[in-house]
Amino acid sequence: MSVYRENPDAIRALVRPREVHRDVYIDDEVFELEMEHLFANTWVYLGHGSQVPEPGDFLTTKVGHQPLLVSRHRDGKIYVNYNRCPHKGTQIQAEECGNTGRVFTCPYHGWGFKTDGSLAGVPLKQGYDGTGFDEMAVGQGLQPVKNVQVYRDFIFVKLNEGGLDFDEFFGESLSTIDNMIDRSPEGKLEIVGAPLRYMHRCNWKMLQENQTDTCHPMIVHESSAGTAVKVWKETGRNDFHPAIELITPFTAPYKFYDDFGIRVWPNGHGHTGVSNSIHADYAEIPGYWDSMVESYGEERAREILNDVRHNTVYWPNIMVKGPLHIVRIFKPIAADKTLVESWTFRVVGAPDQFLERTMLYNRTINAPTSIVGHDDLEMYERIQRGLHANAYDWVNVARLYVENEPVDETAVVRGTSERQMRNQFHAWAKFMTMSMVRDATESLKDRPLPTSSPSVGATLEAAS
-17 MSVYRENPDA IRALVRPREV HRDVYIDDEV FELEMEHLFA NTWVYLGHGS
33 QVPEPGDFLT TKVGHQPLLV SRHRDGKIYV NYNRCPHKGT QIQAEECGNT
83 GRVFTCPYHG WGFKTDGSLA GVPLKQGYDG TGFDEMAVGQ GLQPVKNVQV
133 YRDFIFVKLN EGGLDFDEFF GESLSTIDNM IDRSPEGKLE IVGAPLRYMH
183 RCNWKMLQEN QTDTCHPMIV HESSAGTAVK VWKETGRNDF HPAIELITPF
233 TAPYKFYDDF GIRVWPNGHG HTGVSNSIHA DYAEIPGYWD SMVESYGEER
283 AREILNDVRH NTVYWPNIMV KGPLHIVRIF KPIAADKTLV ESWTFRVVGA
333 PDQFLERTML YNRTINAPTS IVGHDDLEMY ERIQRGLHAN AYDWVNVARL
383 YVENEPVDET AVVRGTSERQ MRNQFHAWAK FMTMSMVRDA TESLKDRPLP
433 TSSPSVGATL EAAS
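Sequential numbering from -17 applies to the sequence shown in our numbering.
As structure tokens, this is what we get:
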């Protein structure tokens, strides 16, 4: 029997002000509803314009379970269509990326589609004479995704109609993307190479939570970062190898993380590192400062480079590390399976040492072969297994909670607060239920979230 489908009250009851129910991580039905509703109601990152620089270039991806085709048309614009032939439903492109030339050709019956998605040609089209072909959906070409926003070359889509528009959804949080791009003297980034891919046997939301969890590094990473720093010091050298420079901050004490702050924004977005971060004290790269001053002037260049945010979470499933020009995408596969992609960017106009540092960080921290990432993976998988124990049903996120804590407001809090986690789950409940029940007389998006909820059992009993 379905517990949650078409029951938004039961979904909302999974999130309390200071705790969340374990079903948000382990329940298969909840996961399927996330794919249908949460990812369709939010603005989801697909890729970067530098991945499709020329007409005919394309990439394929998914939002939830929906297969999408992103392409650059000869008018220079980027188009996003469903990756499905309108004729028999055949997947148009199976490759991750490439160049299709002037048209996409369906591999089943040879129907052709321009790179903007419009119909280019149908073999033996005269066979459709008198059938109303031109008035049918099949004659219109590929089904477009209507809500597409390319923000400074970052490509986002929203599959569902209604809800929040792009600017309302992201608001001030776009300042992290702005800062990462503005670190280029030319105001431009380019993706370099394929991503590092790393499969995690855990729920995707655990990875999003961990990006702003500052009470774990000095514990979890002692075995890797702590050992590496210890061994380096035992060599008697006074300098830092570039990898040691990147690893050392993971051993910083609680006070360091508590002091550097967390900023939360509405709709689940937020970042660690308000006044300081683990990226604040890297060695200077010769020539870079001069090029930034030449492009922006000294005051603006200093403003850009002094903003050293640690991890910025864009809800629902990406993390941006601005000072290192890395974007991580957490792709849900199942309730207990997540594929992580870590993409690296070249800072156009900056010295090559920037890219070298970015690639080194990605290999050292985010790769399947990393010495730090495995620490987190071990914790995620232990949590996923532990949540199946029939002990406590609720997971605590109450650290530094304030009674009647505001929801969907911008705030700066202490760096060890779990408010950003609470912020994410408020957004989870909101966007999960936004389209679950369509009522012409009521707009679900305008309903305030409850400050407290009954237990799941009580909610379901009342609903029955």
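Virtual Cβ for every residue (Gly too), placed ideally from N, Cα, C.
Exposure label - residue i; buried when at least 16 CB within 10 Å
i      : result
E(-12) : exposed
L171   : buried
P305   : buried
R447   : Outside the displayed range of the chain (-17 to 446) lies residue 447, so it cannot be described from this structure.
V130   : buried
H3     : buried
N378   : exposed
S425   : Note that S425 scores a pLDDT of 47, beneath 50, so its modelled location is shaky; the value from the coordinates is reported in the next line. With fewer than 16 Cβ atoms within 10 Å of its Cβ, S425 is classed as exposed.
Y374   : exposed
V295   : buried
K140   : buried
S352   : buried
K70    : exposed
G355   : buried
T423   : Confidence is the limiting factor: at T423 the pLDDT is only 34, short of 50, which leaves the residue's position unreliable and the question unanswerable from this model.
R291   : buried
T158   : buried
D421   : The predicted position of D421 is uncertain, since its pLDDT is 40 and thus under 50; a value taken from the coordinates is nonetheless stated next. So D421 ends up on the exposed side.
S206   : buried
G439   : Model confidence at G439 stands at a pLDDT of 44, short of 50, so the residue's coordinates are unreliable; what they give is reported in the following sentence. So G439 counts as exposed.
D357   : buried
P(-10) : buried
I315   : exposed
N23    : buried
T415   : buried
S259   : buried
E143   : exposed
R(-6)  : buried
N372   : exposed
H408   : buried
T113   : exposed
D57    : exposed
D289   : buried
N- and C-terminal bounds of the beta strand (DSSP E) containing residue i
i    : result
I315 : 308 to 316
T209 : Not the beta strand (DSSP E): T209 falls in the alpha helix (DSSP H), residues 209 to 216.
D39  : 39 to 45
S273 : From DSSP, S273 is part of no beta strand (DSSP E) but of the alpha helix (DSSP H) over 270 to 278.
Q131 : 129 to 133
V295 : 294 to 296
I60  : 60 to 64
K187 : Careful: K187 lies outside any beta strand (DSSP E), inside the alpha helix (DSSP H) at 186 to 192.
M90  : Correcting the residue type first, residue 90 is Tyr in the shown sequence and not Met. No beta strand (DSSP E) holds Y90; DSSP gives it neither H nor E.
Cβ-Cβ distance between residue i and residue j below 8 Å
i    : j    : result
Q406 : G250 : yes
G31  : D135 : yes
S417 : H91  : no
S324 : P177 : yes
P248 : D390 : yes
D98  : H47  : no
I60  : V26  : no
Q193 : M301 : yes
V394 : R245 : yes
Y491 : P298 : Because residue 491 is not part of the residues shown, which for the chain are -17 to 446, the question remains open.
Q190 : F21  : no
R66  : Q75  : no
T42  : E1   : no
G243 : R396 : yes
P333 : Y278 : no
M162 : H261 : no
E227 : Y264 : yes
Residue interval of the alpha helix (DSSP H) (run including residue i)
i     : result
M414  : 401 to 415
R(-6) : -10 to -6
F115  : It is not in any alpha helix (DSSP H) - F115 carries neither H nor E in the DSSP assignment.
S157  : 157 to 164
V202  : 199 to 202
V12   : 10 to 15
F491  : No answer is possible for residue 491: it lies beyond the span of the chain, which begins at -17 and ends at 446.
8 Å Cβ cutoff, residue i in contact with chain B
i   : result
K44 : Among the chains in the structure shown there is no chain B, since it carries only a single protein chain.
Near the ligand GTP: residue i beta-carbon under 7 Å from a heavy atom
i    : result
S352 : This structure simply doesn't include the ligand GTP, nor any ligand for that matter.
Pairs of beta-carbons, one from the region 44 to 59 and one from the region 150 to 160, closer than 8 Å: are there three or more?
Output reads no: the region 150 to 160 does not touch the region 44 to 59.
Validate contact between the region 226 to 244 and the region 190 to 209 using beta carbons, cut 8 Å, 3 pairs
yes
Count the CB pairs spanning the region 401 to 416 and the region 208 to 226 that are closer than 8 Å, and state whether there are at least three.
No contact exists between the region 401 to 416 and the region 208 to 226.
Going along the chain, which unbroken runs of the beta strand (DSSP E) with 3 or more residues stay wholly within the region 227 to 262?
244 to 246, 252 to 254
Under 8 Å: do the region 329 to 344 and the region 157 to 168 share three or more Cβ pairs, one atom per stretch?
yes
Identify every run of the beta strand (DSSP E) within the region 334 to 396, keeping only runs that are complete inside it and at least 3 residues long; order them along the chain.
As summarised for the region 334 to 396, the continuous beta strand (DSSP E) elements at least 3 residues long and confined to that stretch are 376 to 378, 393 to 395, given in chain order.
Any 3 or more C-beta pairs closer than 8 Å across the region 173 to 191 and the region -3 to 15:
yes
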